[in-house]
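Heads up, the thing below is written out as structure tokens.
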Amino acid sequence: MRTLISNIGELVTNVDADGDQCGILRDAAVLIEDGRIAWVGPAASAPTTHGQETEVVDAGARAIIPGFVDSHSHLVFAGDRAAEFEARMAGEKYAAGGIRSTVAATRAATEDELRTRLRGFVDELLAQGTTTVEIKSGYGLDVNTEERLVQLAAEVTPEVTFLGAHVVPAEYADRSDEYVDLVIGEMLDACAPHARWIDVFCETGAFTVEQSRRVLEAGIARGLVPRVHASQLGPGGGVQLAVELGAASIDHGTYLTDDDISALAASDTVLTLLPGVEFSTRQPYPDARRLIDAGVTVALACDTNPGSSFTSSMPFCIAIAVRDMGMTPAEALWAATAGGARALRRNDIGIIRPGARADLVLLNAPTHVHLAYRPGVPLVRQVWKDGERYP
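Its first residue numbered 1177, the sequence shown is counted upward by one per residue in the numbering used here.
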């Protein structure tokens, strides 16, 4: 079965052409075959549909973009932290320690409860145009629960991150080095077979640079690729450590020094910005304009989690990035698609070209600009993931 989508008013391919990073085509068409993009070009030159079973879809002169690539999420958890959000809105400061309340709820939840909630979140993301999602563990913080979380995540995505070093659990209070021993020993042994990535929260209130190095190097030795939470609550050594170890991404980057920016610009490490966090915690938004102008590769992700960013809407994050972080609509869309793919070291997603996965989003709008221009409006009309049409 083939699908020909024609009469596309604006097609964002993310294939750089003549300085146009988004590779925008007008009056375009796309042919999908066996879950992949088979052809892209002008609608007037679209392949014939005669002789083969082909579904023909009229885009109605609307825009089509690549499926969003959300390269940072925490979707496997139980419990609720609405009261914590309410307190922050009343003036309390965000701190990493709130994670422990989610840990308690997650440990107490059954596997079926966690699976049902996880699949609900994945459906929620897909309905909003996200066709690829990375999922971290980190709400178990003991061997059995962390293993259960990465196993559940692996049921819905190949992009699974072991984040046993999220915070130090209550039972290891004042014994953080002993907890790191557990993370890089028995816990890593249990979780590495189900994960692709290793992550650590290198931050005041979580793990020091030295402890973070131990975690990341242990993961690398087990074949996992590093990612790093860093510089969310204040400047620190996490960015330099991430670059030194060849991390795929450093995520947050709310507080960056000039040296951090220079190091990122000279590296292959992607900086993943998480606008929903600053929205929810009332911290200052990163200056994406400064970062992009300095040559840093920027991705956007939702960081869906119950404490600091309980949104799963990439269009919402795009709107914030344009309104409050100095990005153009085209830059924000690229960061939420191709940028996320770079952060996951993938070249088969976040792009519309022959051979790529057929992950596309039809917007109920004439251009991608409407994602920022009409914030809060559900503009996702149709989604294709691996060539399958939803809904």
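For every residue, glycine included, the Cβ atom is placed at its ideal position computed from N, Cα and C. The structure presented is a predicted model; accordingly, all values stated were derived computationally and were not measured.
- Item | Where residue 1335 falls: helix, strand or coil (DSSP) | coil
- Exposed or buried, residue 1304, counting other C-beta atoms within 10 Å across all chains shown (16 or more means buried)? buried
- Can you say whether residue 1566 is buried or exposed, counting buried as having 16 or more other CB atoms within 10 angstroms of its CB? exposed
- Curious, which full-length alpha helix (DSSP H) runs of at least 4 residues does the stretch 1286 to 1337 contain? 1287 to 1303 and 1319 to 1330
- Query: Grouping DSSP H, G and I as helix and E and B as strand, with all else coil, what is residue 1426?
  - Reply: strand
- Message: Excluding the 5 residues flanking residue 1322 on each side, which residues of the same chain have their C-beta closer than 6 Å to its C-beta?
- Response: 1313, 1316, 1340, 1363 and 1367
- Query: Would you call residue 1491 buried or exposed, if buried means 16 or more other Cβ atoms sit within 10 Å of its Cβ?
  - Reply: Counting Cβ neighbours within 10 Å, residue 1491 comes out buried, since at least 16 surround it.
- Buried/exposed call for residue 1561, threshold 16 Cβ in 10 Å: By the Cβ-count criterion, residue 1561 is buried, with 16 or more other Cβ atoms from all chains shown falling within 10 Å of its own Cβ.
- Taking all protein chains shown into account, decide if residue 1481 is buried (16 or more other Cβ within 10 angstroms of its Cβ) or exposed. Flag for residue 1481 reads buried.
- Query: What residue does the beta strand (DSSP E) around residue 1352 start on, and which one ends it?
  - Reply: Segment 1352 to 1358 is the alpha helix (DSSP H) holding residue 1352; no beta strand (DSSP E) there.
- Residues near residue 1457 by beta carbon distance below 6 Å, same chain, minus five either side: 1270 and 1484
- Task: Give the secondary structure of residue 1567 by DSSP, where H, G and I count as helix, E and B as strand, and everything else as coil.
- Result: coil
- For residue 1371, which of helix, strand or coil comes out of DSSP? coil
- Assigned secondary structure, residue 1493 (DSSP; H/G/I helix, E/B strand, else coil): helix
- If we ignore side chains and look at the alpha-carbon of each, how far apart do residue 1296 and residue 1289 end up? Straight through space, the alpha carbons of residue 1289 and residue 1296 are spaced by roughly 11 Å.
- Bridge partners - residue 1449, DSSP secondary structure assignment: 1476
- Task: Indicate whether the contact test is met: 3 or more Cβ pairs, each with one atom in the stretch 1179 to 1187 and one in the stretch 1204 to 1211, closer than 8 Å.
- Result: yes
- Are at least three pairs of beta-carbons, each pair with one atom in the stretch 1420 to 1432 and one in the stretch 1445 to 1455, less than 8 Å apart? yes
- Task: Within its chain, find whatever has a CB closer than 8 Å to the CB of residue 1522; leave out the 5 residues flanking it on each side and keep chain order.
- Result: 1245 and 1308
- Could you check if residue 1286 is buried or exposed, using at least 16 other CB atoms within 10 Å of its CB as the buried criterion? Around the Cβ of residue 1286, a 10 Å sphere holds fewer than 16 other Cβ atoms; the residue is exposed.
- Task: Would you mind reading off the limits of the beta strand (DSSP E) that contains residue 1217?
- Result: 1212 to 1218
- Excluding the five sequence neighbours on either side, which residues of its own chain have a C-beta within less than 6 Å of the C-beta of residue 1240, listed in chain order? Cβ neighbours of residue 1240 beyond the five flanking positions: 1184, 1187, 1536 and 1538.
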